[in-house]
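These protein sequence lines map, in sequence, to chains A and B.
Under my numbering, the first residue of the first sequence is numbered 23, with each subsequent residue one higher.
Under my numbering, the first residue of the second sequence is numbered 23, with each subsequent residue one higher.
Protein chains: 2
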Amino acid sequence: MKAHVIVTLKTSVLDPQGQTIQNALRKIGVTSVEAVRQGKYFLLTLAPGLTLDAARAEVERISRDVLTNSIIEEFTYTIEE
Amino acid sequence: MKAHVIVTLKTSVLDPQGQTIQNALRKIGVTSVEAVRQGKYFLLTLAPGLTLDAARAEVERISRDVLTNSIIEEFTYTIEE
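This is how it looks when you write it as structure tokens:
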């Protein structure tokens, strides 16, 4: 089982890195992108034998306690069996 | 329309950052995670009026030419209408 975790800055937090990418895109003539936000992606390979419920609980705990700085970031995840 | 782009190291490329996270997880007693790979996530807000085909072409071009170092990285994307 694999878990895909995406950690992004909360929408209220400025994202200078995303803004820089957007500016770079504009400079090379890309007009179809109105905004860019950057985040982090984690692919977790889970040990075999976990139930889906146990996997969800574990991934939520790891995402909340280790991968995300809850002051400025939030996370979403999907689990692939 | 929004595009979600995920850029990851190719599986043949070592990922010391992911390895470090995995070691940290093991140290705090997490045994349910066998491997961690880290990547980057980009949320692109696309200009209104693009067709789905045009959006796909544009997102592929940006991902390939700007967001990904094709020597060591690869990308996947989804488009949300």
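Note that the Cβ used here is the ideal one computed from N, Cα and C, for glycine as well.
Check                                                                                                   : Outcome
Cutoff 8 Å; reference B/Gln41; Cβ partners in own chain excluding five residues on either side          : Val58
Contact set between A/Phe97 and chain B, taken where Cβ atoms lie within less than 9 Å                  : Residues of chain B passing the Cβ test: none, with the nearest at roughly 11 Å.
9 Å Cβ cutoff, A/Arg59 in contact with chain B                                                          : yes
Enclosing beta strand (DSSP E) for B/Lys49 [first to last residue]                                      : No beta strand (DSSP E) holds B/Lys49; the alpha helix (DSSP H) holding it covers Pro38 to Lys49.
Residue-level contact to chain A via CB, B/Glu56, 9 Å cutoff                                            : yes
Within 9 Å, strictly: CB atoms of B/Ser34 and A/Ala69                                                   : no
C-beta contact flag for A/Gly61 and A/Leu36 at 9 Å                                                      : no
Cβ neighbours of B/Leu90 in the same chain (closer than 8 Å, five flanking residues each side left out) : Correcting the residue identity first, residue 90 of chain B is Thr in this sequence and not Leu. So the qualifying residues of the chain are Val29, Glu96 and Phe97.
Within chain B, partners of A/Glu102 - CB distance below 9 Å                                            : The contacting residues do not exist; A/Glu102 stays about 13 Å from chain B at best.
Residues that DSSP places opposite B/Thr90 in a beta bridge                                             : Answer is none; B/Thr90 lacks a bridge partner.
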